[in-house]
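Asker:
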Amino acid sequence: MNQLRTDLTLDAYRDLVAAMRPQGYELYALYADDVIVSLAGIELRVNLYLEKHVFIYDLVTCVNHRSKGYGEMLLHFIHEYARDSGAKYVALESGLARTEAHRFYKDKMDYAITSYSFRKQL
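If you count the sequence shown from 1, position 102 lands on 128 in my numbering, and the numbers rise without skipping.
1. Candidates Ala-38, Tyr-83 and Val-72: which alpha carbon is nearest Tyr-54's?
2. I'd like to know if the segment 77 to 92 and the segment 61 to 69 are in contact, where contact means that at least 3 CB-CB pairs between them fall below 8 Å.
3. Compute the Euclidean distance between the alpha carbons of Asn-73 and Ile-104, then round it to the nearest angstrom.
4. Count the other CB atoms, across all protein chains shown, that sit within 10 Å of the CB of His-102; report buried if there are 16 or more and exposed otherwise.
5. Going by DSSP, name the residue or residues bridged to His-79.
6. On a Cα-Cα basis, can you pick out the residue from Gly-112, Ala-45 and Met-135 that is closest to Leu-100?
7. If you count every other CB in all the chains shown that lies within 10 Å of the CB of Phe-130, and 16 or more means buried, which is it?
8. Per DSSP, what kind of secondary structure is Asp-37 in: helix, strand or coil?
9. Under 7 Å from any heavy atom of the ligand FAD, does the C-beta of Ala-123 make it?
10. With a CB to CB cut of under 6 Å and the five nearest residues on each side skipped, what residues in its chain are close to Gly-97?
11. When we look at the beta-carbon of Ala-45 and count the other beta-carbons within 10 Å, is it buried (16 or more) or exposed?
12. Thinking Ser-143 and Glu-119 are a contact (beta carbons under 8 Å), I'd like their distance in whole angstroms, please.
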């Protein structure tokens, strides 16, 4: 996870995950040869515009294991989990600079860009 969330210390990461778990945050790992190669942090949510859906907060494949299909395998697992949970969608946000990730989601995994995400620091 530290390859994706480079701005978080280990303590901050643990504190945030502990705060997110009661809301339904779950962390899934994909292993190859007893080594974690890909991680996904997800939550089953309900809102007015996506109704019941799975939101992917985090999806990362270890830099040494990219382009081997691990991210795709983990996303397929998430899609199946979402279907089994009665969700209509799987949704995520991806940083503007992450063009390789955008290409992966759009071209390989058939995700659609449906909105902009805005935030204001307080």
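Glycine included, every Cβ here is placed at the ideal spot set by N, Cα and C.
Given the structure is predicted, the values throughout are model-derived calculations rather than measurements.
Answerer: Straight from the coordinates:
1. Tyr-83
2. yes
3. 19 Å
4. exposed
5. Arg-71 and Tyr-115
6. Met-135
7. buried
8. helix
9. As for the ligand FAD, it is missing from this structure, which has no ligand bound.
10. Ser-64 and Thr-87
11. exposed
12. 5 Å
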